[in-house]
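Below is one structure, written out as structure tokens; comments come after it.
There are 2 protein chains.
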Amino acid sequence: MSRQMVRPGGRSARVQASVHAAVHELASEVGRAALTVPLVAQRAGVTPSTIYRRWGDLQELLSDVAVMRLRPDTAPGDHGSLASDLTAWAEQFLDEMAHPAGRAYIRDALLGDPDGSNAGQCSAYAADQITFILTRAAERGERTPDVETVVDRVVAPMMYRILFRPDGLDAAYARRLVAELLDPSDPSDPNGQNGPRDPSDPSGPTGP
Amino acid sequence: MSRQMVRPGGRSARVQASVHAAVHELASEVGRAALTVPLVAQRAGVTPSTIYRRWGDLQELLSDVAVMRLRPDTAPGDHGSLASDLTAWAEQFLDEMAHPAGRAYIRDALLGDPDGSNAGQCSAYAADQITFILTRAAERGERTPDVETVVDRVVAPMMYRILFRPDGLDAAYARRLVAELLDPSDPSDPNGQNGPRDPSDPSGPTGP
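Protein chains in written order, with full-length UniProt numbering: chain A, 1 to 208; chain B, 1 to 208.
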């Protein structure tokens, strides 16, 4: 994130805001594949060298823009219980990330990210949202898993499949991940080893 | 994989082999950042237009090369039980993928992959290895989870953390994922909800 670590306000913040806005506008007008640094600079009213100096190259600029777009803008909703809060969050996360725009942002965030800080920021956003949900559940007196376990059991499978194995992803998959996390002793599967992933089960991703 | 679907043997296969070899040689001589299509073409003894026609651009070529390098070259070892086979496989997978060369191949495979087929191939390699392990275990008479569950519970967390949350990844993490998959009723954690992820536990990834 070093390139984004700029003082709030002032010229630096105005340049960032106008360059990010230029990327959004141009991406919808001419498509992302047609974006160039000179084109973005012209729209933003800055010189190309300002962009190169601050972001390095177009890929790094797109990565920063993607991370900004992936930042959640609201706290997770309160549905009264850990299971329902986490289920609603996971469904929304999968819906946003598996959407073509979400996939494009995830790819951009990973690509122009030589030191991995933008990918780390994406993961931190998810972990922060989960921590919020777990803290609220603990305050209700509910027993909660720890945040890293939720990352491993709910976030990681969704992101892995979005990137590597996207067939069959749907809200039922997000719900099942949460259900298996919170109730590994599902009566239909006394040992908790087999998820309901019969190959004929239309709700389950089967992958290539 | 459409660009790779060429007839074995013949000029097409020779071109692929010499271009892939040129990428490897040049990457070690001048570094990946300095690779260009004309440079690769010159070393491979083909024209740049041959490369553009077949691979589209450098990024797609690097993606194809990465997938070839990520292909396992041996079947998973037989250590006598499902737990030991899967543990050994997961440790080796994490070691290879979290290594700087492995991370670079994963990134390359994802980047120059407009239709997602190379990422799907990477995932299929892992699923094939797991299927091999599970089939052998079932033949021994062992109870086995299904392959998609192993992908969700072992492969996905490792790949997610390699890409998004790499701090603290080590062999103990791979072993723990397998142990929690095969024995969710670990006596140290009767409800199977909390992995041994105390923040002070040096074996556990804590993320940013």
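Just so you know, even glycine gets a beta-carbon here, dropped at the ideal spot from N, CA and C. If you're wondering where the values come from, they're calculated on a predicted model, not measured in any experiment.
Would you verify that the beta carbon of residue i is, or is not, closer than 8 Å to some beta carbon of chain A?
i	result
V30/B	no
Y160/B	yes
P166/B	yes
Is residue i a contact residue of the ligand ADP, with contact defined as CB to any heavy atom under 7 Å?
i	result
L169/A	Although the ligand ADP was asked about, the structure shown includes no ligands whatsoever.
Using a beta-carbon distance below 8 Å, is residue i in contact with chain B?
i	result
V178/A	no
P157/A	yes
D152/A	yes
T206/A	Because T206/A carries a pLDDT of 45, less than 50, the predicted location of this residue cannot be relied on, and no value is offered for it.
A13/A	no
Smallest Cα separation from residue i: which of the options?
i	options	result
V147/B	L82/B, T36/B, V37/B and V46/B	L82/B
L70/A	A34/A, R143/A, M158/A and Y105/A	Y105/A
R140/A	D85/A, G116/A and R175/A	D85/A
G77/A	P114/A, A119/A and R136/A	R136/A
P38/A	T50/A, E29/A and V154/A	T50/A
R43/B	A124/B, T74/B, A21/B and S28/B	A21/B
D73/B	A126/B, A156/B and D167/B	A126/B
residue 232/A	D128/A, F132/A, V46/A and L169/A	As shown, chain A starts at 1 and ends at 208. That puts residue 232/A outside it, with no answer to give.
H79/A	A41/A, G45/A, Y173/A and I133/A	I133/A
P166/A	Q16/B, N118/B and A17/B	N118/B
G45/A	L35/A, W89/A and V15/A	V15/A
T131/A	T144/A, C122/A and G120/A	T144/A
Q121/A	A124/B, R161/B, D108/B and Q59/B	R161/B
D115/B	P48/B, D64/B and V30/B	D64/B
A101/A	A75/A, S123/A, G112/A and A66/A	A66/A
I89/A	Q129/A, H99/A and L61/A	Per the sequence presented here, residue 89/A reads as Trp, with Ile not at that position. The residue with the shortest Cα to Cα distance from W89/A is Q129/A.
A124/A	E180/A, V155/A, Q59/A and T47/A	V155/A
T47/A	V19/A, R32/A and A33/A	V19/A
R32/B	H99/B, S12/B and D108/B	D108/B
V171/B	H99/B, A138/B, T149/B and E142/B	According to the sequence displayed, residue 171/B carries Ala and not Val. Nearest option by C-alpha distance: H99/B.
Y173/A	P157/B, R176/B, T149/B and E142/B	T149/B
R176/B	R153/A, R176/A, R175/A and E180/A	R153/A
P157/B	A138/B, E142/B and E180/B	E180/B
Please confirm whether residue i has its beta-carbon closer than 8 Å to some beta-carbon of chain D.
i	result
L163/B	Among the protein chains in the structure shown, which are A and B, there is no chain D.
Below 8 Å on the Cβ atoms is my guess for residue i versus residue j; work out the distance and round it to an integer in Å.
i	j	result
V178/B	T87/B	5 Å
L110/A	L163/B	6 Å
M159/B	M97/B	7 Å
A27/B	L35/B	6 Å
E60/A	G112/A	4 Å
V23/A	L62/A	7 Å
Practice prompt. Could you name the residues of the region 106-139 of chain A whose beta carbon sits closer than 8 Å to any beta carbon of chain B, in the order they occur along the chain?
Written response: R107, L110, L111, G116, A119, G120, Q121, C122, S123, A124 and A127
Worksheet item: Does the region 89-100 of chain A come close enough to the region 47-58 of chain A to have 3 or more Cβ pairs within less than 8 Å?
Response: no
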